[in-house]
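Down below is the structure, laid out as structure tokens.
In the working numbering, the protein residues as written are 3 to 122.
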């Protein structure tokens with residue numbers, strides 16, 4: 003939110019300034035620090051909770067972003083991707099497609115025309 007008048011800011015609150023043209027990146031503050039986001043409406047009507055798990059790389063646990071039904075729909079859509087480059091598979095590094103033994107994640111790219119409906 004753009005601030006034009008500083009008089010309503012509270013001294014005990016934290017504020018982050020982001021220059022025009024740049025994107026905000028959530029600060030990690032400390033491990034297990036949790037931020038409750040109330041200005042984003044979710045389909046389950048619960049506030050999103052963002053908990054810091056790691057500083058570098060930045061890793062957050064995001065609670066209440068999706069309902070169980072939305073998460074299952076996304077999982078099913080990911081498992082049904084047929085395109086070789088987008089299907090559910092071990093994560094690779096860079097554009098070379100090399101599998102790094104230290105990376106343990108899997109991913110898939112689900113396109114918007116897939117049968118997944120998320121109301122974010």
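For glycine and all other residues, C-beta sits at the position ideal for the given N, C-alpha and C.
By the Cβ-count criterion, residue 68 is buried, with 16 or more other Cβ atoms from all chains shown falling within 10 Å of its own Cβ. Each of 40, 75, 43 and 110 was checked against the Cα of residue 90, and the nearest Cα belongs to 110. Checking the DSSP bridge columns, you'll see residue 91 partnered with 109. Closest in alpha carbon position to residue 71, among 83, 49, 44 and 51, is 44. Its chain contains 52 as the residues whose beta carbon lies nearer than 7 Å to that of residue 37, once the 5 sequence neighbours on both sides are disregarded; these appear in chain order. Excluding residues up to 5 positions away in sequence, 90, 110 and 112 lie with their Cβ nearer than 6 Å to the Cβ of residue 80 in the same chain.
The C-beta separation of residue 26 from residue 18 comes to about 7 Å, placing the pair in contact by the 8 Å criterion.
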